[in-house]
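Engineer: With the first letter of the sequence shown counted as 1, position 103 gets the number 200 in the working numbering; the numbers rise by one all the way through. Built from N, CA and C at the ideal position, the CB exists for glycine as well. Source: prediction; values computed, not measured.
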Amino acid sequence: MCPPALSARALLGLVLLLVLSAIASGAFSSPSTTPSTRRRGVQLAPAAATTTAAMVPSFATSARTSRSASSQKNSGGWRGGAWLRHPAGSSGSRLDRRLRNPRATAAHGAGTLRCVCALPPPGISPLVWDAGVSTVVGAASIVWVKLWTGLARRDKMKPQVSRKVVHTTAAPLFVILWPFFTNRPCARLFAAAVPMVQAVRLAAAGLSGDPENNDSSSNELVKAISRSGKASETLDGPLKYSLAIVLITVVEWRTSVVGLIAMMQMAVGDGMADLVGRQLGKHKWRKGGEKSVEGSAAFVSGSFLASVAMIQWFRHFGLLSVTPTEAAARAAAISFASAAVELFPPRLVGDDNISVPVTALVLGRLLFRK
98 MCPPALSARA
108 LLGLVLLLVL
118 SAIASGAFSS
128 PSTTPSTRRR
138 GVQLAPAAAT
148 TTAAMVPSFA
158 TSARTSRSAS
168 SQKNSGGWRG
178 GAWLRHPAGS
188 SGSRLDRRLR
198 NPRATAAHGA
208 GTLRCVCALP
218 PPGISPLVWD
228 AGVSTVVGAA
238 SIVWVKLWTG
248 LARRDKMKPQ
258 VSRKVVHTTA
268 APLFVILWPF
278 FTNRPCARLF
288 AAAVPMVQAV
298 RLAAAGLSGD
308 PENNDSSSNE
318 LVKAISRSGK
328 ASETLDGPLK
338 YSLAIVLITV
348 VEWRTSVVGL
358 IAMMQMAVGD
368 GMADLVGRQL
378 GKHKWRKGGE
388 KSVEGSAAFV
398 SGSFLASVAM
408 IQWFRHFGLL
418 SVTPTEAAAR
428 AAAISFASAA
438 VELFPPRLVG
448 DDNISVPVTA
458 LVLGRLLFRK
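1. Compare the C-alpha of ASP371 against each of GLU423, GLY399, PRO276, VAL348 and name the closest.
2. Is LEU417 helix, strand or coil by DSSP?
3. So PRO292 packs on VAL240, CB below 8 Å; how close in whole Å?
4. If you draw a straight line from the C-alpha of LEU117 to the C-alpha of GLY229, how long is it?
5. Three or more C-beta pairs closer than 8 Å, one from the segment 293-305 and one from the segment 337-351: is that the case here?
6. Measuring straight from C-alpha to C-alpha, what distance separates VAL242 and LYS379?
7. Assign ASP367 to one of two classes, buried (16 or more other C-beta atoms within 10 Å of its C-beta) or exposed (fewer than that).
8. ASP449: buried (16+ other C-beta within 10 angstroms of its C-beta) or exposed?
9. Pull up the distance between the alpha-carbon of THR456 and that of MET254, whole angstroms please.
10. How long is the line joining the alpha carbons of GLU391 and VAL438, rounded to whole angstroms?
11. At which residues does the alpha helix (DSSP H) containing SER389 begin and terminate?
12. To the nearest angstrom, how far is it from the Cα of GLN257 to the Cα of PHE271?
13. Let me check understanding here. Comparing Cα to Cα, which of LEU445, PRO282, ARG260 lies closest to VAL347?
14. If you draw a straight line from the C-alpha of ARG383 to the C-alpha of LEU402, how long is it?
15. Decide if ARG251 is buried, meaning its Cβ has at least 16 other Cβ atoms within 10 Å, or exposed.
16. Among the residues of its own chain, which have a CB less than 7 Å from the CB of ILE345, if the five just before and after it don't count?
17. For a test of your reading of the model: does the CB of THR420 fall under 7 Å from any non-hydrogen atom of the ligand MN? Yes or no.
18. Would you please state the rounded distance, in angstroms, between the beta carbons of TRP226 and ARG285? I believe it to be under 8 Å.
19. Taking all protein chains shown into account, do 16 or more other C-beta atoms lie within 10 angstroms of the C-beta of ALA300, making it buried, or fewer, making it exposed?
20. Does LYS381 come out as helix, strand or coil in the three-state DSSP assignment?
21. Give the single residue among GLY461, PRO276, THR266 whose Cα lies nearest to the Cα of SER238.
22. Which same chain residues end up closer than 6 Å to TRP275 when comparing Cβ atoms and leaving out the 5 residues on each side of it in sequence?
23. With distances taken Cα to Cα, identify the nearest neighbour of THR331 among VAL354, ALA302, SER353.
24. Only counting runs of 3 or more residues, tell me where the beta strand (DSSP E) segments fall wholly within the segment 243-303, in order along the chain.
25. May I ask which residues mark the beginning and end of the alpha helix (DSSP H) holding PRO454?
26. Is ALA430 near LEU464, with beta carbons less than 8 Å apart?
27. Rounded to whole angstroms, what's the CA-CA distance from PHE411 to ALA236? Just pull it up for me.
28. Looking at C-alpha atoms only, which residue of SER259, GLY447, PRO421, THR246 is the closest neighbour of SER404?
29. Quick one: is GLN362 buried, meaning 16 or more other Cβ sit within 10 Å of its Cβ, or exposed?
30. On the DSSP letters alone, give me the boundaries of the alpha helix (DSSP H) that PRO335 sits inside.
31. I need the DSSP call for SER400, collapsed to helix, strand or coil.
Shown next, in the form of structure tokens:
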């Protein structure tokens, strides 16, 4: 086995290599559009990738669902940062009529859609907007981690519980904010910068030696996410967790239901299994083992519910065409398979921060392909 320092450098190098390879292969190329397809805030995939027609919800239609019937008659669509008005008595806005036209939208890939939301607002560069959102998300993640580490530091919570709460919630809260980035090709890179910065912090803390001799921020980070309090432990599970988020963000991004499900397996499923298993795990899978039936049940239920909720969230923004009902059976199968992989010892399948999302990605690709 490679020493911890070499493993950390190798993992960081692998992530950078995969990102550069994706860029070189055209993974971030913007889909071709024509003026007619870009009207009304809908961007279509290339004709060669079009498989079926579907209705695309937008910020305009999502916002209007909460309005009264009378206000709906007098409100139009969102275009150029302002609400368009249309005469009372007309049957919906032109945006709605356009969205009802099957030729105005197209399914892209495995049940996903390319949708241009009303971002960024008029007068703001997409790059500036994405950079700003990335900065806000990064700052929010730091505050979130400090909240739980502060509780552990003041002995309000056990460090093991604090660590798993961060593990369980960090990725879902990060993914929830994906729709607020633009649809520009480089938006995923701005989003991936958030977990990448965290990975660099973990690597720096792990390679710096004894946390007691480090600055207060590194010391706090190590104590919050390591089981034993040793700095070198951050180079194992926590670093792999952050790098897995980076890879899923870059490769799958917003319009992939597979990426969402894989992220929920790694974060919510694995985190719930540990939290519930430690507190309520009385029925062990094998005598003398650590894994329990209660923990596995929490893995399956937690990851499944989180996956379904995340699919509905992204569908609300028009980023997915598949419904939670349509994806439920396949999401459940992925949750069961991921929970089974999590039961195996690391010497057989490797760290669960890698084996669980890889299992979910591979199985998801098979189940959601058309």
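Structural biologist: Once the coordinates are examined:
1. The sequence position of residue 371 within the sequence shown is 274, counting from 1. It is GLY399.
2. Along the sequence shown, read from residue 1 onward, the residue named residue 417 stands at position 320. It is a strand residue.
3. Along the sequence shown, read from residue 1 onward, the residue named residue 292 stands at position 195. Along the sequence shown, read from residue 1 onward, the residue named residue 240 stands at position 143. At roughly 16 Å, the Cβ-Cβ gap does not stay under 8 Å, so PRO292 and VAL240 are not in contact.
4. Residue mapping note: residue 117 aligns to position 20 of the sequence shown, counting from 1. Residue mapping note: residue 229 aligns to position 132 of the sequence shown, counting from 1. Since pLDDT at LEU117 reaches only 49, below the 50 mark, its modelled position is unreliable, and the value read off the structure follows with that caveat. Computed Cα separation, rounded: 23 Å.
5. yes
6. Position 145 of the sequence shown, counted from the first residue, corresponds to residue 242. Position 282 of the sequence shown, counted from the first residue, corresponds to residue 379. VAL242 and LYS379: Cα-Cα distance of roughly 30 Å.
7. The count along the sequence shown starts at 1 and reaches residue 367 at position 270. The residue in question, ASP367, is buried, as its Cβ has 16 or more Cβ neighbours within 10 Å.
8. As a working note, residue 449 is residue 352 in the sequence shown. Result: buried.
9. Along the sequence shown, read from residue 1 onward, the residue named residue 456 stands at position 359. Along the sequence shown, read from residue 1 onward, the residue named residue 254 stands at position 157. C-alpha separation (whole angstroms): 32 Å.
10. Residue numbering aside, residue 391 sits at position 294 when the sequence shown is read from its first letter. Residue numbering aside, residue 438 sits at position 341 when the sequence shown is read from its first letter. C-alpha separation (whole angstroms): 16 Å.
11. Translated into the one-based positions of the sequence shown, residue 389 becomes position 292. Unbroken run through SER389: none, as it is neither H nor E.
12. If you number the sequence shown from 1, residue 257 lands on position 160. If you number the sequence shown from 1, residue 271 lands on position 174. If you take the alpha carbons of GLN257 and PHE271, they lie about 22 Å apart.
13. For this step, residue 347 is matched to residue 250 along the sequence shown. Nearest of LEU445, PRO282, ARG260 to VAL347, Cα basis: PRO282.
14. For the purposes of this step, residue 383 is taken as residue 286 along the sequence shown, with counting starting at 1. For the purposes of this step, residue 402 is taken as residue 305 along the sequence shown, with counting starting at 1. So the alpha carbons of these two residues sit roughly 27 Å apart.
15. In the sequence shown, counting from the first residue as 1, residue 251 sits at position 154. By the neighbour-count rule (16 or more Cβ atoms within 10 Å), ARG251 is not buried but exposed.
16. Here the question's residue 345 lines up with position 248 in the sequence shown. Closer than 7 Å at Cβ, skipping near neighbours: GLY356, ALA359, MET360, PRO454.
17. Among the components of this structure there are no ligands whatsoever, and the ligand MN is therefore not found.
18. The count along the sequence shown starts at 1 and reaches residue 226 at position 129. The count along the sequence shown starts at 1 and reaches residue 285 at position 188. Not really, about 14 Å apart at Cβ, beyond 8 Å.
19. Residue mapping note: residue 300 aligns to position 203 of the sequence shown, counting from 1. Taking all protein chains shown into account, ALA300 has 16 or more neighbouring C-beta atoms within 10 Å of its C-beta and is therefore buried.
20. Sequence index remark: in the sequence shown, residue 381 carries index 284 (1-based). In this structure, LYS381 counts as strand in the three-state DSSP scheme.
21. Looking up residue 238 in the sequence shown gives position 141. Nearest C-alpha to SER238: THR266.
22. Taking the sequence shown and counting its residues from 1, one reaches residue 275 at position 178. So the list reads ARG351, once near-sequence residues are dropped.
23. Sequence index remark: in the sequence shown, residue 331 carries index 234 (1-based). Minimum Cα distance to THR331 is reached at ALA302.
24. none
25. Taking the sequence shown and counting its residues from 1, the one referred to as residue 454 is at position 357. Here the alpha helix (DSSP H) through PRO454 covers 449-465.
26. By one-based count along the sequence shown, residue 430 stands at place 333. By one-based count along the sequence shown, residue 464 stands at place 367. Yes, the Cβ-Cβ distance between ALA430 and LEU464 is below 8 Å.
27. Against the sequence shown, residue 411 aligns to sequence position 314. Against the sequence shown, residue 236 aligns to sequence position 139. Spanning the two alpha carbons is a distance of roughly 23 Å.
28. Counting from 1 along the sequence shown, the entry for residue 404 is found at position 307. Minimum Cα distance to SER404 is reached at PRO421.
29. As a working mapping, residue 362 is identified with position 265 in the sequence shown. Counting Cβ neighbours within 10 Å, GLN362 comes out buried, since at least 16 surround it.
30. Residue numbering aside, residue 335 sits at position 238 when the sequence shown is read from its first letter. 334-348 is the extent of the alpha helix (DSSP H) around PRO335.
31. Position 303 of the sequence shown, counted from the start, is the residue given in the question as residue 400. If DSSP states are grouped into helix, strand and coil, SER400 belongs with the helices.
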